[in-house]
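As given, the protein sequences belong to chains A and B, one line each in that order.
Add 2 to a position in the first sequence, counting from 1, and you land on the number used in my numbering.
Add 288 to a position in the second sequence, counting from 1, and you land on the number used in my numbering.
Since the structure comes first, as structure tokens, the remarks are kept for the end.
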Amino acid sequence: EPEVTQTPSHQVTQMGQEVILRCVPISNHLYFYWYRQILGQKVEFLVSFYNNEISEKSEIFDDQFSVERPDGSNFTLKIRSTKLEDSAMYFCASSERLLVLSYEQYFGPGTRLTVT
Amino acid sequence: AQKITQTQPGMFVQEKEAVTLDCTYDTSDQSYGLFWYKQPSSGEMIFLIYQGSYDEQNATEGRYSLNFQKARKSANLVISASQLGDSAMYFCAMREGNTGGFKTIFGAGTRLFVKA
Chain A
3 EPEVTQTPSH
13 QVTQMGQEVI
23 LRCVPISNHL
33 YFYWYRQILG
43 QKVEFLVSFY
53 NNEISEKSEI
63 FDDQFSVERP
73 DGSNFTLKIR
83 STKLEDSAMY
93 FCASSERLLV
103 LSYEQYFGPG
113 TRLTVT
Chain B
289 AQKITQTQPG
299 MFVQEKEAVT
309 LDCTYDTSDQ
319 SYGLFWYKQP
329 SSGEMIFLIY
339 QGSYDEQNAT
349 EGRYSLNFQK
359 ARKSANLVIS
369 ASQLGDSAMY
379 FCAMREGNTG
389 GFKTIFGAGT
399 RLFVKA
């Protein structure tokens with residue numbers, strides 16, 4: 003069964019460093035998403051991406067964040083200058099169709115980012 | 289105002305018994321979708337069940353059913369015949385039609401403990 007993959011599973015970085023989280027969505031999917039989950043808290047939407055541009059973003063997704071689909075398979079989240087509060091689990095998700103009603107998004111296993 | 293409210297931070301249930309996890313939502317949209325996800329201790333997000341705002345019947349998926357009461361804006365998850373493997377965090381989530389379906393909003397979650 004096709005699945006969303008994410009690398010690395012755990013990333014440790016120092017405050018102020020740039021970090022890139024990588025995701026490989028399911029191959030025929032067209033819509034891509036990043037969510038984050040601070041330890042013990044709810045999952046929060048960051049950004050959605052379609053047709054090589056951001057479709058929607060939350061207030062969390064400020065200028066420190068960027069997303070890119072550098073080739074036909076990868077989808078990346080870059081944090082330019084990490085802060086301690088960026089420590090969280092970051093989930094990538096993808097869906098085949100526009101998420102209006104029943105079309106499901108498939109989540110990757112997550113990347114745990116620890117900023118020290 | 290919270291869009292998704294889960295008022296039970298933790299719930300205990302005896303194995304083989306049924307349990308109801310509460311979820312209320314707030315939207316002015318006529319078209320929206322409601323979802324439940326399971327997050328075991330390993331961290332991945334597992335889709336459980338979906339209910340569309342126009343669906344007249346309550347959704348069911350195996351041991352999971354969604355008690356949808358539109359006038360009360362509630363979408364409670366019922367797990368029948370609980371199993372030890374059901375111990376996990378459960379998130380209620382919603383997508384609203386006016387955002388084009390790009391953003392999924394999650395509740396704070398309910399941690400379910402199944403006792404042997």
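Heads up, the beta-carbon is just placed ideally off N, CA and C, and yes, glycines get one too.
If you're wondering where the values come from, they're calculated on a predicted model, not measured in any experiment.
Asked: Of all the CB atoms in chain A, is at least one closer than 8 angstroms to the CB of B/Ile393?; Found: yes
Asked: Between A/Ser96 and chain D, is there a C-beta pair that is closer than 8 angstroms?; Found: The chain labelled as chain D is not found among the protein chains of the depicted structure, namely A and B.
Asked: Taking all protein chains shown into account, do 16 or more other C-beta atoms lie within 10 angstroms of the C-beta of A/Tyr108, making it buried, or fewer, making it exposed?; Found: buried
Asked: Expressed to the nearest angstrom, what Euclidean distance is found between the alpha-carbon atoms of B/Glu332 and B/Thr398?; Found: 15 angstroms
Asked: May I ask you to list, following chain order, the residues of the stretch 70-97 of chain A that have a beta carbon less than 7 angstroms from some beta carbon of chain B?; Found: Met91, Phe93
Asked: Secondary structure at B/Glu344, three-state DSSP: helix, strand or coil?; Found: coil
Asked: Can you name the residues of chain A whose CB is closer than 7 angstroms to the CB of B/Gly397?; Found: Lys44
Asked: Please return the same chain residues whose Cβ sits closer than 8 angstroms to the Cβ of B/Gln327, not counting the five positions on each side in sequence.; Found: Met333, Ile334, Ala376, Met377, Tyr378, Phe379, Gly397
Asked: To which residues does DSSP link A/His12 through a beta bridge?; Found: A/Arg114
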